[in-house]
Structure formats: C-alpha cells, structure tokens
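Numbering (my numbering), first residue to last: 6 to 386.
Quick notes on the structure that follows.
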Amino acid sequence: MDLMKKLTTAACWCLSLALPVKKNRVIFCSYYGRGYSDNPKAIAQAMLDMGTDAELIWLLKNPEDAKSLPAGITPCPYDSAKRIWALATAKVWVDNCRKYDRFKKKNQYYLQTWHGFPLKRIEKDALDSLAPDFEKGAVKDSRHTDLLLSNSAHSTTVLRRAYWYDGAIGQYGSPRNDVFFHPQPNVRETVLNHFGLDAQRKILLYAPTFRADHSIEAYRIGMEQALNACERRFGGTWTGLVRLHPNVASQSDGLFQYDEGRILDATSYPDMQELLSCADLLITDYSSSMFDYALSRRPCIQFALDLDCYRKDRNFYFPLDQLPFPLATTNGELEEKILHFDEEAYLTRWDHFRSTQSFYEDGNASKRCARWIEDRINGKD
Numbered sequence: 006m007d008l009m010k011k012l013t014t015a016a017c018w019c020l021s022l023a024l025p026v027k028k029n030r031v032i033f034c035s036y037y038g039r040g041y042s043d044n045p046k047a048i049a050q051a052m053l054d055m056g057t058d059a060e061l062i063w064l065l066k067n068p069e070d071a072k073s074l075p076a077g078i079t080p081c082p083y084d085s086a087k088r089i090w091a092l093a094t095a096k097v098w099v100d101n102c103r104k105y106d107r108f109k110k111k112n113q114y115y116l117q118t119w120h121g122f123p124l125k126r127i128e129k130d131a132l133d134s135l136a137p138d139f140e141k142g143a144v145k146d147s148r149h150t151d152l153l154l155s156n157s158a159h160s161t162t163v164l165r166r167a168y169w170y171d172g173a174i175g176q177y178g179s180p181r182n183d184v185f186f187h188p189q190p191n192v193r194e195t196v197l198n199h200f201g202l203d204a205q206r207k208i209l210l211y212a213p214t215f216r217a218d219h220s221i222e223a224y225r226i227g228m229e230q231a232l233n234a235c236e237r238r239f240g241g242t243w244t245g246l247v248r249l250h251p252n253v254a255s256q257s258d259g260l261f262q263y264d265e266g267r268i269l270d271a272t273s274y275p276d277m278q279e280l281l282s283c284a285d286l287l288i289t290d291y292s293s294s295m296f297d298y299a300l301s302r303r304p305c306i307q308f309a310l311d312l313d314c315y316r317k318d319r320n321f322y323f324p325l326d327q328l329p330f331p332l333a334t335t336n337g338e339l340e341e342k343i344l345h346f347d348e349e350a351y352l353t354r355w356d357h358f359r360s361t362q363s364f365y366e367d368g369n370a371s372k373r374c375a376r377w378i379e380d381r382i383n384g385k386d
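Written out as structure tokens, the structure reads:
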C-alpha cells in the first residue's frame with residue numbers, strides 16, 4: 006500500500022469512529038474480497054434461511070461477483086471508503102482471513118471462521134516463513150476477535166497456541182462443510198452446467214495449494230494418465246478439473262493442455278466447496294481441502310512432487326504417511342494409487358483419523374454461527 010493510500014485509509018478510519026453502530030448490520034468477507042464463498046457464505050445463507058431481519062453486507066473486489074449474491078445480501082466494494090463505513094457501522098464482522106487495517110469499537114463483534122484443518126504449520130508455528138511484519142498485524146487481529154471457530158480438537162490446540170489468541174473458541178465445526186451432511190443436488194447441476202458437462206460425467210478434481218515462491222514445478226501432474234487410470238479403476242467417463250491457487254492462476258496455461266470436455270480450468274470458479282461436493286475423486290498435495298472432502302467419504306489421494314522442499318519451508322503437524330490418504334510422489338506412483346485404490350482400507354483409516362482428532366463436523370456449524378450472530382444483534386452477549 007503506497008503512502009497516499011495509507012494516509013487516506015487512516016483518515017477515513019478516524020472519521021468513521023464518530024459513526025454509530027447499527028445493531029442489525031452484519032458484514033461478511035471471504036479471502037480478502039475474492040467472492041461469495043467459504044465459511045462466511047455458509048453462515049450468511051443460514052441467516053437468510055432463518056429469516057433474519059439483519060442487514061447483510063458482502064465485501065467484493067470484483068463488481069461482477071455481485072451477480073452471485075442471493076437476494077437479501079448487499080454488495081460493497083472492497084477497495085473503497087464504503088468498506089470502511091460498512092465495517093465501522095456493522096454490529097458483527099464475519100471473516101475467514103486475517104485483517105489488519107481496522108479499528109473495532111467496544112460494541113462491535115468479530116467472528117473469525119478461519120479456513121481449514123491445520124496440516125501445514127501456521128502463524129506463530131511458521132513465523133520464519135512469513136513476512137517480517139506479520140506478527141504485529143496478526144496479534145492485533147486476534148485481539149479484535151470475539152469468537153474463533155474450530156472444527157476439531159487438533160484445530161483448537163493449534164489455534165490457541167499459534168494464533169496469539171486467548172479468547173473464546175467456538176467448537177462448532179466448519180460452516181462450509183455442512184454441505185457434505187446435507188447434499189444439495191442443484192449444486193452438482195450448477196457445476197456441471199458451468200463447465201458444459203453431462204450428468205453422467207465423473208469428475209477428478211486436482212486442487213493443490215500454493216508455494217511460498219509461487220513456483221509451478223510441483224504442479225506437473227499427468228492429468229491424462231490420471232484420468233485414464235480413473236476410468237479403468239472406477240468406470241465411466243471422466244473429466245479433470247484443475248483448480249490452482251489464485252496466486253499462480255495466471256501460469257496455468259503453461260502447465261496444462263486444456264481441452265473441451267477432458268481437462269478444464271476451474272481456477273476461477275468462485276466456490277471451492279461446490280467443486281468438492283460434486284467431485285468423484287480429489288487429488289491434492291498439502292491443502293486442507295482433503296479433510297473437508299473426506300467427509301463425503303469419496304476417494305482422495307495426495308500427490309506431492311516437492312515433499313522434502315515443503316518440509317523445509319512450512320513443515321507439517323502430522324507426518325504425511327500417517328494421514329488416511331494414499332500418498333504418491335511421482336506420476337507413476339499416482340497412477341498406481343488410483344488403479345489399486347482400496348476403498349475399505351481408506352475409509353477405515355479416515356474414520357480412525359477423524360475419531361482420534363475429534364472432529365466436530367456434524368452439518369450444523371452454520372446454524373450455530375447464525376444463532377451466535379443473532380444473539381449479538383439482540384444484545385445477548
């Protein structure tokens with residue numbers, strides 16, 4: 006942020022301190038204004054389903070994303086003075102990422118949903134791999150937080166230690182994962198229609214996480230080889246959807262030969278949970294999406310070409326070979342893991358892992374969060 010923008014932002018915040026808080030206004034944001042998605046989306050939808058009287062506002066960087074908002078939610082530009090006005094006057098903030106340039110009033114509340122089961126070391130536990138000024142902003146954000154969500158006993162332990170946080174933790178589960186307990190057929194139809202696929206098509210979703218140096222070498226998966234293996238092992242006609250992290254999205258054309266029907270670029274699709282909910286098999290590396298997807302009890306395989314390098318960068322809370330997901334470190338191994346996928350053994354390992362880590366997921370996280378927000382609106386602290 007350049008000096009002039011910083012000064013303008015600071016001035017707007019100073020002026021906003023005089024604005025009164027509206028007790029029924031709730032403001033949502035997902036991934037720094039990237040769209041209508043993730044845990045905040047599920048919570049907003051739960052409030053709408055409850056027939057809330059609250060005014061719901063959503064922060065968006067791209068005005069086009071406003072088209073995806075349902076009736077009852079008002080868009081607000083992320084990069085504007087309007088964002089500051091909305092934050093300064095909202096009773097409740099709902100977010101899934103750290104925010105630093107905010108001033109919170111005593112009669113405001115901040116629900117921080119976070120965004121996944123911790124496999125990679127995060128925050129305080131990975132400070133050496135983060136920006137030098139990260140800690141200062143993170144500590145401020147945690148000081149503002151009134152409720153931090155957790156989806157498991159493991160998450161609660163990690164977040165308590167690594168998040169610089171000593172406040173209330175809501176062991177509610179992940180709102181975005183409620184979809185795996187309450188399937189919505191229209192979601193699969195929406196995804197298939199978006200990509201022009203017929204209802205009988207099976208989907209292999211490849212969704213790796215990003216690398217700190219934004220390199221793309223680790224993403225060289227043999228998609229054709231993997232799709233052919235899926236057809237041999239599971240039957241049917243398969244299409245591969247590739248969803249890269251937004252940080253490297255612009256480089257995807259150099260990695261994959263996209264072609265209509267067989268391999269498609271899904272990086273810009275707005276909602277990862279919708280892709281997960283209709284995928285028939287997930288391939289990822291170190292992304293927390295594998296723990297979300299496993300709730301569907303469908304096959305998931307880890308594919309990691311740069312395991313040793315990643316250990317040196319962020320490292321993990323669990324050795325990867327102790328996870329329930331088959332691990333491949335070459336394209337040849339990936340083909341073998343698909344061809345010899347043992348569903349019974351996989352589900353046994355997943356059920357054991359889910360039990361030992363005490364997952365709280367039960368399909369009701371969104372409702373719990375919505376009730377917490379309504380209580381704040383109604384003055385029930």
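Where is the CB? At the ideal position from N, CA and C, for every residue including glycine.
Starting from G245, follow the beta strand (DSSP E) in both directions and report where the run begins and ends. 243-247
Assign Q117 to one of three DSSP states: helix, strand, or coil. strand
Residue of M55, G40, E379 minimising C-alpha distance to L64: G40
Looking only at its own chain, which residues have a Cβ that is under 8 angstroms from the Cβ of F261, when we skip the five neighbours before and after it? M228, V247, I268, D270
Rounded to the nearest angstrom, what separates L286 and I382 at their Cα positions? Our two residues, L286 and I382, have alpha carbons roughly 41 angstroms apart in a direct line.
Nearest-angstrom Cα separation, counted from S282 out to V184: Near 7 angstroms, if we compare the C-alpha coordinates of S282 and V184.
Taking T79 and N101 to be in contact with their CB atoms under 8 angstroms, please state how far apart those CB atoms are, rounded to whole angstroms. Actually they are not in contact, since the Cβ atoms of T79 and N101 sit about 19 angstroms apart, beyond 8 angstroms.
Short check: CB of A231 to CB of L339, under 9 angstroms? Going by C-beta atoms, A231 is nearer than 9 angstroms to L339.
Can you give me the Cβ contacts of R165 inside the same chain, cut-off strictly under 8 angstroms, excluding the 5 residues immediately before and after it? Correct list, in chain order: D171, I174.
Reference D276, options N182, D313, R376, closest by Cα: N182
Starting from Q278, follow the alpha helix (DSSP H) in both directions and report where the run begins and ends. Element bounds for Q278: 277-283.
With distances taken Cα to Cα, identify the nearest neighbour of R30 among M9, M52, I62, C19. Taking only the C-alpha atoms, the option nearest R30 is I62.
State the CB to CB distance for the pair R225 and L280, rounded to an integer number of angstroms; the pair is presumed to be in contact (CB under 8 angstroms). With a Cβ gap of about 21 angstroms, R225 and L280 do not count as contacting.
Return the CA-CA distance between H357 and K385, expressed in angstroms with no decimal places. Cα to Cα, H357 sits roughly 38 angstroms from K385.
What are the start and end residues of each continuous alpha helix (DSSP H) run of 4 or more residues lying completely inside the stretch 31-74, in chain order? 43-54
Compare the C-alpha of P25 against each of D70, A136, A91 and name the closest. A91
Quick check on I226: does DSSP put it in helix, strand or coil? coil
Quick check on S157: does DSSP put it in helix, strand or coil? For S157, the three-state secondary structure derived from DSSP is strand.
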